[in-house]
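**Student:** Sequential numbering of the sequence shown, starting at 1, is according to full-length UniProt numbering. There's a structure below that I have some questions on.
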Amino acid sequence: MGKVKYRYNPKTCKYEPWYLRGKALQDQAAIFIGLSFLLGGLFYFGYTRNFDSLEEQLLKKKNITLKVEWQILEDRIQAATADLNTLVERDDKNYRVILDSSPLAPEIREGGVGGSEKFSTEGLKDYPTVISDYAILEKLRSKVDVEVQSYKELNSILTERIEMWASRPAIQPINNKQLERLHMSYGARFHPIYHRYMEHKGLDFSAANGTPVYATGDGKVIMAHYSSSYGNVIYLNHEHDYETRYAHLSRFAVKEGDVVKRGHVIGYVGNTGTSVSDHLHYEVLFKGQHVNPINFFQRDLNNKEYERLIEAGSTDAKVLD
Ligand SMILES: [Zn+2]
Numbered sequence: 001m002g003k004v005k006y007r008y009n010p011k012t013c014k015y016e017p018w019y020l021r022g023k024a025l026q027d028q029a030a031i032f033i034g035l036s037f038l039l040g041g042l043f044y045f046g047y048t049r050n051f052d053s054l055e056e057q058l059l060k061k062k063n064i065t066l067k068v069e070w071q072i073l074e075d076r077i078q079a080a081t082a083d084l085n086t087l088v089e090r091d092d093k094n095y096r097v098i099l100d101s102s103p104l105a106p107e108i109r110e111g112g113v114g115g116s117e118k119f120s121t122e123g124l125k126d127y128p129t130v131i132s133d134y135a136i137l138e139k140l141r142s143k144v145d146v147e148v149q150s151y152k153e154l155n156s157i158l159t160e161r162i163e164m165w166a167s168r169p170a171i172q173p174i175n176n177k178q179l180e181r182l183h184m185s186y187g188a189r190f191h192p193i194y195h196r197y198m199e200h201k202g203l204d205f206s207a208a209n210g211t212p213v214y215a216t217g218d219g220k221v222i223m224a225h226y227s228s229s230y231g232n233v234i235y236l237n238h239e240h241d242y243e244t245r246y247a248h249l250s251r252f253a254v255k256e257g258d259v260v261k262r263g264h265v266i267g268y269v270g271n272t273g274t275s276v277s278d279h280l281h282y283e284v285l286f287k288g289q290h291v292n293p294i295n296f297f298q299r300d301l302n303n304k305e306y307e308r309l310i311e312a313g314s315t316d317a318k319v320l321d
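Written out as C-alpha cells, the structure reads:
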C-alpha cells in the first residue's frame, strides 16, 4: 500500500484523503513518462559515448591481433628478402665464379620468370600498407622463382664438372710411399734397347715389381693385353677426351670392358716388353694427343720430397724403356 496523501478541505474544515484523478492524473502521468524518456535517452547517450558495445570491443581486440600479426609478417618478409639477397650474392660472386659461369643478367633477376597471377588491389585503396606489402611480397616471390631456376642450373653445371673432374687423370698411378723415383723423361731420349733417339711420350715411375698401379681417373678399360714394346699394357678411356696408358706391367687386375674409378688398382708394376728394369711407363692423351702427365698430378708432396723423387735433367737421367 502506498502512502495516502491528505489535503485540507475548507468546506468540511477537515483533512481528507486526496487522490489524483481526471486532468491532474493525466498531467502527472505525462510528466512522469516524459522525464523517464528524457533520463533514459541521457543515460543511453552517455553510455554509447563513453563505453564500446560488446561487438566493438571484440572488433578492437581482433584489430590489435591483426596489427601484431601483420607486423610479424612484415618482419618475416624483411628477413626472407635479406636471406634471398645473400643467396643471390653467393650465386653471382662465388658459385658462378668457381664454376666459370657468367652471373645472371640483372634484367633476368628483376624481370622474374613470368606467368604469375597479379595481385588485385581492388577494394584496398584505403589500405596503402597492405597494397605496398603485397607488392613487396610479389617481387620477392618473383626473385625466389628466378633464384630457384638459377640454382637448378648451377647444380646441373656442378654435376657436369664433378663428372669431368672425376674423369680427369689427376693423381699419380703409383703411391708416393712405394715410388722409388719419378723419371722426368718426357720428350726425345736415347732408347736403351733400340739404341737410337726416340720420342718418349710418357713418364717412368721406378717401383718394386708387384707394386699396385692405380687408375688415375674414372674410366673404362678399352684394352688390357700384351704388346711387344709396351709389354702388359692397359688403355683407359676417360670421358671428356682423356685417355691414359699403363705399360710394362707384371700382371693385370682388370680386363677389357671393366669400368674403374680413380684409385682402383688396375695392375702391378713389372718389367715386360722393351723395358730394362721394374717400372711403370705412364702416358696421358688429351683429344688424341700426348701430353706430359706431370701437369695433371695433384702433388701431395712437399718440395723436398718432390725434388728427391724427380731425377731432373736429361743427361744423367736413367732411361728405362
Ligand atoms: Zn717410359
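The beta carbon of each residue, even a glycine, is placed where N, CA and C say it ideally should be.
Sorry if obvious, but does the Cβ on Gly217 come closer than 7 Å to a heavy atom of ligand 1?
**Tutor:** Locating residue 217 in the sequence shown gives position 217, counting from the first residue. No - ligand 1 has no heavy atom lying nearer than 7 Å to the Cβ of Gly217.
**Student:** Which stretch, first to last residue, makes up the alpha helix (DSSP H) that contains Glu89?
**Tutor:** Position 89 of the sequence shown holds residue 89. Here the alpha helix (DSSP H) through Glu89 covers Leu54 to Arg90.
**Student:** Based on Cα-Cα distance, which residue from Ala79, Leu179 and Val88 lies nearest to Tyr214?
**Tutor:** On the sequence shown, position 214 is the one that residue 214 refers to. It is Leu179 whose Cα lies nearest to the Cα of Tyr214.
**Student:** How long is the line joining the alpha carbons of Tyr19 and Leu25, rounded to whole angstroms?
**Tutor:** Taking the first residue of the sequence shown as position 1, residue 19 is located at position 19. Taking the first residue of the sequence shown as position 1, residue 25 is located at position 25. Using only the alpha carbons, I get a separation of about 9 Å.
**Student:** Taking all protein chains shown into account, do 16 or more other C-beta atoms lie within 10 angstroms of the C-beta of Ala79, making it buried, or fewer, making it exposed?
**Tutor:** To locate residue 79, count along the sequence shown from 1; it is residue 79. By the neighbour-count rule (16 or more Cβ atoms within 10 Å), Ala79 is not buried but exposed.
**Student:** If you drop the 5 nearest sequence neighbours on each side, which residues of the same chain put their C-beta closer than 6 Å to that of Tyr230?
**Tutor:** As a working note, residue 230 is residue 230 in the sequence shown. For Tyr230, where only same-chain residues beyond five positions count, the Cβ hits under 6 Å are Ala247 and Gly273.
**Student:** Out of Lys143, Glu122, Leu42 and Val269, point me to the one whose CA is closest to Ala82's CA.
**Tutor:** Within the sequence shown, the letter at position 82 stands for residue 82. Among Lys143, Glu122, Leu42 and Val269, the Cα nearest to that of Ala82 belongs to Lys143.
**Student:** Consider the C-beta atom of Ser227 and the heavy atoms of ligand 1; say whether any pair is separated by less than 7 Å.
**Tutor:** As a first step, residue 227 is located in the sequence shown; it is residue number 227 there, counting from the start. It does not: the Cβ of Ser227 is nowhere closer than 7 Å to a heavy atom of ligand 1.
**Student:** For the putative contact between Tyr268 and Arg251, defined by C-beta atoms under 8 Å, what is the C-beta separation to the nearest angstrom?
**Tutor:** In the sequence shown, counting from the first residue as 1, residue 268 sits at position 268. In the sequence shown, counting from the first residue as 1, residue 251 sits at position 251. 5 Å between Cβ atoms; contact.
**Student:** Where do the ends of the alpha helix (DSSP H) carrying Leu320 lie?
**Tutor:** Looking up residue 320 in the sequence shown gives position 320. Where Leu320 is concerned, there is no enclosing alpha helix (DSSP H), given that its DSSP letter is neither H nor E.
**Student:** What I want to know is whether the C-beta of His195 ends up closer than 7 Å to one or more non-hydrogen atoms of ligand 1.
**Tutor:** As a first step, residue 195 is located in the sequence shown; it is residue number 195 there, counting from the start. Checking every heavy atom of ligand 1 against the Cβ of His195, none is found closer than 7 Å.
**Student:** Tell me whether the region 87 to 95 and the region 146 to 154 touch, counting them as touching only if at least three CB pairs, one residue from each stretch, are closer than 8 Å.
**Tutor:** Flag = yes, the region 87 to 95 and the region 146 to 154 touch.
**Student:** According to DSSP, is Ala253 helix, strand or coil?
**Tutor:** To locate residue 253, count along the sequence shown from 1; it is residue 253. DSSP places Ala253 in coil when its eight states are reduced to three.
**Student:** Please determine whether the Cβ atom of Ser185 lies at a distance below 7 Å from any heavy atom of ligand 2.
**Tutor:** This structure lacks ligand 2; its bound ligands are ligand 1.
**Student:** Where does Asp27 fall in DSSP's three states?
**Tutor:** If you number the sequence shown from 1, residue 27 lands on position 27. DSSP places Asp27 in helix when its eight states are reduced to three.
**Student:** Buried or exposed for Pro17, going by 16 or more other Cβ atoms inside 10 Å?
**Tutor:** As a first step, residue 17 is located in the sequence shown; it is residue number 17 there, counting from the start. Label assigned to Pro17: exposed.
**Student:** Closer than 7 Å: is that where the CB of His191 sits relative to any heavy atom of ligand 1?
**Tutor:** Numbered from its first residue, the sequence shown carries residue 191 at position 191. No, Cβ of His191 sits at least 7 Å from all heavy atoms of ligand 1.
**Student:** Would you grab the beta carbon distance between Leu99 and Ile193 for me? Rounded to a whole angstrom, and I think it's under 8 Å.
**Tutor:** If you number the sequence shown from 1, residue 99 lands on position 99. If you number the sequence shown from 1, residue 193 lands on position 193. 48 Å between Cβ atoms; not a contact.
**Student:** Give me the residue from Ile266, Asp241 and Ala208 with the minimum Cα distance to Ile234.
**Tutor:** Counting from one through the sequence shown, the residue named residue 234 turns up at place 234. Out of Ile266, Asp241 and Ala208, Ile266 has the C-alpha closest to the C-alpha of Ile234.
**Student:** Of the choices Arg168, Val291 and Lys287, whose alpha-carbon is the least far from that of Val260?
**Tutor:** To locate residue 260, count along the sequence shown from 1; it is residue 260. Comparing Cα positions, the closest option is Arg168.
**Student:** Taking all protein chains shown into account, decide if Phe205 is buried (16 or more other Cβ within 10 angstroms of its Cβ) or exposed.
**Tutor:** As a working mapping, residue 205 is identified with position 205 in the sequence shown. The residue is buried, with at least 16 neighbouring Cβ atoms inside 10 Å.
**Student:** Beta-carbon within less than 8 Å of Pro10's beta-carbon, same chain only, minus the 5 sequence neighbours each way: which residues are those?
**Tutor:** Walking along the sequence shown from the start, residue 10 turns up at place 10. Answer for Pro10: no residue qualifies.
**Student:** So, under 8 Å CB-CB, Gly257 and His238 are touching, yes? Tell me the CB distance rounded to an integer number of Å.
**Tutor:** Along the sequence shown, one-based indexing puts residue 257 at 257. Along the sequence shown, one-based indexing puts residue 238 at 238. The pair is not a contact, with the Cβ atoms about 15 Å apart (cut-off 8 Å).
**Student:** Going by DSSP, what residue range makes up the alpha helix (DSSP H) through Asp133?
**Tutor:** Taking the sequence shown and counting its residues from 1, the one referred to as residue 133 is at position 133. Per DSSP, Asp133 belongs to the alpha helix (DSSP H) from Pro128 to Ser167.
**Student:** Helix, strand or coil: how does DSSP classify Gly115 here?
**Tutor:** Taking the first residue of the sequence shown as position 1, residue 115 is located at position 115. Any reading at Gly115 is ruled out, since the residue's pLDDT is 48, under 50, leaving its predicted position unreliable.
**Student:** Can you give me the C-alpha to C-alpha distance between Asp75 and Phe43, rounded to a whole angstrom?
**Tutor:** Taking the first residue of the sequence shown as 1, we reach residue 75 at position 75. Taking the first residue of the sequence shown as 1, we reach residue 43 at position 43. Approximately 46 Å between the Cα atoms of the pair.
**Student:** What do you reckon, are the CB atoms on Thr121 and Ile108 nearer than 8 Å?
**Tutor:** The count along the sequence shown starts at 1 and reaches residue 121 at position 121. The count along the sequence shown starts at 1 and reaches residue 108 at position 108. Not a contact, by the Cβ cut-off of 8 Å.
**Student:** Taking 8 Å as the cut-off, decide whether the C-beta atoms of His200 and Ser185 are in contact.
**Tutor:** Residue numbering aside, residue 200 sits at position 200 when the sequence shown is read from its first letter. Residue numbering aside, residue 185 sits at position 185 when the sequence shown is read from its first letter. Yes, the Cβ-Cβ distance between His200 and Ser185 is below 8 Å.
**Student:** Roughly how many whole angstroms lie between the Cα atoms of Met164 and Asn295?
**Tutor:** Counted from its first residue, the sequence shown places residue 164 at position 164. Counted from its first residue, the sequence shown places residue 295 at position 295. One C-alpha to the other measures close to 16 Å.
**Student:** Counting only C-beta atoms, is Tyr235 closer than 8 Å to chain C at any point?
**Tutor:** Here chain C cannot be found, since the structure has a single protein chain.
**Student:** What is the DSSP secondary structure of Thr244, counted as helix, strand or coil?
**Tutor:** Taking the sequence shown and counting its residues from 1, one reaches residue 244 at position 244. Correct three-state label for Thr244: strand.
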